[in-house]
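Colleague: For the sequence shown, full-length UniProt numbering gives the first residue as 1, with consecutive numbering after it.
C-beta: ideal position from N, C-alpha, C; glycine also.
Take this structure first; my questions come after.
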Amino acid sequence: MSAESPRHARSGGPLTVPSQPPSDRSIIDAVSGFINDVTLSSSSTVDPKDVIQWARFETADINEPTPEGDIDNDVPPLLLILGYGSGVQVWLIPPTGEAQEVLSWRQGTVRVLRILPTPQHGDCFAS
Numbered sequence: 001m002s003a004e005s006p007r008h009a010r011s012g013g014p015l016t017v018p019s020q021p022p023s024d025r026s027i028i029d030a031v032s033g034f035i036n037d038v039t040l041s042s043s044s045t046v047d048p049k050d051v052i053q054w055a056r057f058e059t060a061d062i063n064e065p066t067p068e069g070d071i072d073n074d075v076p077p078l079l080l081i082l083g084y085g086s087g088v089q090v091w092l093i094p095p096t097g098e099a100q101e102v103l104s105w106r107q108g109t110v111r112v113l114r115i116l117p118t119p120q121h122g123d124c125f126a127s
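Structural data, given as structure tokens:
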């Protein structure tokens with residue numbers, strides 16, 4: 001999976017991609033559409049460091065309430081992680097479908113990024 005990065009048009013602050021009406025598209029079509037929504041189509045030359053090298057979905061283990069309130073407590077938001085030649089981006093996708101960039105790190109190549117779950121309460125080694 002490869003697409004151009006939205007990082008050339010940064011004006012400061014997180015990016016937000018509004019939700020779209022649901023359709024019968026496959027998950028691959030939905031991801032492709034998302035990536036195309038945040039891709040710069042006006043850029044004629046693409047820096048190889050700004051090409052998506054890999055993508056991964058993670059389930060967000062978030063205990064904090066969202067600013068707009070918990071719409072559906074049973075459905076955890078998804079995290080879309082995009083790996084570039086020069087860093088990584090993480091997008092939070094709540095059940096409403098409005099994606100928001102929560103991390104953009106450009107300090108070098110990231111080959112793998114995983115989200116660790118919240119630790120269980122209690123100490124397994126306590127006597």
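Which residues share a DSSP beta bridge with ARG56?
Modeller: According to DSSP, which records beta bridges pairwise, ARG56 is partnered with ILE81.
Colleague: Would you tell me roughly how many angstroms separate the C-alpha atoms of GLY85 and VAL51, rounded to the nearest one?
Modeller: Answer to the nearest angstrom: the Cα atoms are 7 Å apart.
Colleague: What is the rounded straight-line gap between the Cα of ILE115 and the Cα of ASP47?
Modeller: Cα to Cα, the separation comes out at about 28 Å.
Colleague: Along the beta strand (DSSP E) that carries LEU92, what are the first and last residues, could you check?
Modeller: Taken as a continuous stretch (DSSP letters only), the beta strand (DSSP E) holding LEU92 covers 87-93.
Colleague: Suppose the cutoff is 7 Å on Cβ atoms and the five residues either side in sequence are ignored; what does the same chain contact list for residue 129 look like?
Modeller: Outside the shown range of the chain, which is 1 to 127, sits residue 129, and nothing can be said about it.
Colleague: Taking just the CA atoms, how far does GLN120 sit from SER42?
Modeller: Residue placement at SER42 is flagged as unreliable, the pLDDT there being 44, under the threshold of 50; the coordinate-derived value follows with that caveat. Each residue's Cα considered, the two are about 47 Å apart.
Colleague: If you draw a straight line from the C-alpha of GLY90 to the C-alpha of GLY122, how long is it?
Modeller: Inspection of the sequence shows that residue 90 is occupied by Val rather than by Gly. About 30 Å.
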